[in-house]
Ligand SMILES: [Zn+2]
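As structure tokens, then:
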């Protein structure tokens, strides 16, 4: 855990702080990136996988597609849905880092998420 300057008020904050203890701004150290990528596969490739973070939808991925989101640091509940079946995973976002999540759909249309660490 490193100290960085708050993007709003300039005071020292942890790079993993969710809000600034001085001015209260969300994500004081700046945003991190989440990349959710669906592996390219012929089987079931046309079945859309809905990507939701904390219950908010961020798009539908078909085979080989990906979505990149800029997010305030913190942990998020990632839900992936395909044909009414869901899979949940926790993702951690760190300031200035990229967290990757690989999405795979098996023959039973079950979604598998493989979440990496922020890097
Ligand atoms: Zn601040």
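In this note's numbering, the protein residues as written are 18 to 136. All C-beta atoms, glycine included, are put in the ideal place defined by N, C-alpha and C.
Exercise. Would you grab the beta carbon distance between residue 46 and residue 34 for me? Rounded to a whole angstrom, and I think it's under 8 Å.
Key: 6 Å
Quiz item: In the DSSP assignment, what are the bridge partners of residue 118?
Solution: 53 and 132
Quiz item: Between the Cα of residue 106 and the Cα atoms of 81, 133, 112 and 31, which residue gives the shortest distance?
Solution: 133
Quiz item: Considering only residues of the same chain and omitting the five flanking positions on each side of residue 3, which have a CB-CB separation below 7 Å?
Solution: In the structure as shown, the chain begins at 18 and stops at 136. Residue 3 is therefore absent and cannot be evaluated.
Quiz item: How many Å lie between residue 79 and residue 38 at the Cα?
Solution: 41 Å
Exercise. Assign residue 73 to one of two classes, buried (16 or more other C-beta atoms within 10 Å of its C-beta) or exposed (fewer than that).
Key: By the neighbour-count definition (other C-beta atoms within 10 Å, threshold 16), residue 73 is an exposed residue.
Practice problem: Could you give the DSSP three-state label for residue 112: helix, strand or coil? | Solution: DSSP places residue 112 in coil when its eight states are reduced to three.
Self-check item: Beta carbon nearer than 6 Å to a non-hydrogen atom of ligand 1
Solution: 23, 25, 26, 28, 37, 39, 40, 42 and 45
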